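Working notes, beginning with the structure itself.
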Amino acid sequence: MDQSNSEVSDFSDAGAGTNNPMCKCGRRSRILTAFTLPNIGRRFYTCENYVNIDNRGCGFFKWVDMDICQHGKRVVSKLFEWHKNLKIEHAQIGTTISNEILKCKIELAEYKSKMEVGSINFEIQLQMHKNKVHAREIKYQFALACSLIVVAVLMFYPVTNRYSSRFMLP
1 MDQSNSEVSD FSDAGAGTNN PMCKCGRRSR ILTAFTLPNI GRRFYTCENY VNIDNRGCGF
61 FKWVDMDICQ HGKRVVSKLF EWHKNLKIEH AQIGTTISNE ILKCKIELAE YKSKMEVGSI
121 NFEIQLQMHK NKVHAREIKY QFALACSLIV VAVLMFYPVT NRYSSRFMLP
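The sequence shown maps to residues 1 to 170 in UniProt numbering.
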């Protein structure tokens, strides 16, 4: 395995088992799984102190599994390509959905502000209408009061005709 380009995972059934070979440190090796395209899924023994590519412990390395056939490598390569494309598509869809949600939120905010402005305008128009109605009521009350005064004056003020009064019938 070319360890300079390796990606490994620590999931394995065996781990640091009693049947694992001894590493150069004199300890039992552990089993890791490779995730590079040429060796995808292959397990290997490595030093128990292996941390990453830069810190390999004593550098002990031995394959557990046999190499994958060429057809298997092509299939795995194609699966990785599909997986990569799906991840890109997923990210694009996520971005599209996020943008659409943002657009909806903006439209909702605009609609809410328009509704609030419309509500305020309605309240202003309603108050103006109430003021007009109130002004008319005052005018009608004034006209009614003036009319009552005129009627009262006419009823109690004597007529200048010498033969009749307002309360007398002809």
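Even glycine gets a Cβ: it sits at the ideal position worked out from N, Cα and C.
Note that the coordinates shown come from a computational prediction; the quantities given were computed from them, not determined experimentally.
Using the Cα positions of residue i and residue j, report the straight-line distance between them to the nearest angstrom.
i	j	result
I124	K130	10 Å
T46	C104	54 Å
G57	N39	21 Å
E89	E81	12 Å
G59	R74	30 Å
L144	M128	24 Å
D54	V76	27 Å
V64	C23	14 Å
V133	K139	10 Å
Give the DSSP-derived three-state secondary structure of residue i in the structure shown.
i	result
N99	helix
K24	coil
N49	coil
F156	helix
N39	helix
C69	coil
Taking the DSSP output, what are the residues bridged to residue i?
i	result
L32	F44
K62	Y45
For residue i, does the count of other Cβ atoms within 10 angstroms reach 16, so buried, or fall short, so exposed?
i	result
L32	buried
S6	Since pLDDT at S6 reaches only 46, below the 50 mark, its modelled position is unreliable, and the value read off the structure follows with that caveat. Answer is buried; the Cβ neighbour count reaches 16.
C146	exposed
residue 219	This structure cannot settle anything about residue 219, because the visible part of the chain is limited to 1 through 170.
Y50	buried
Checklist entry - Going along the chain, which unbroken runs of the beta strand (DSSP E) with 3 or more residues stay wholly within the segment 75–138? => result Qualifying beta strand (DSSP E) stretches: none in this window.
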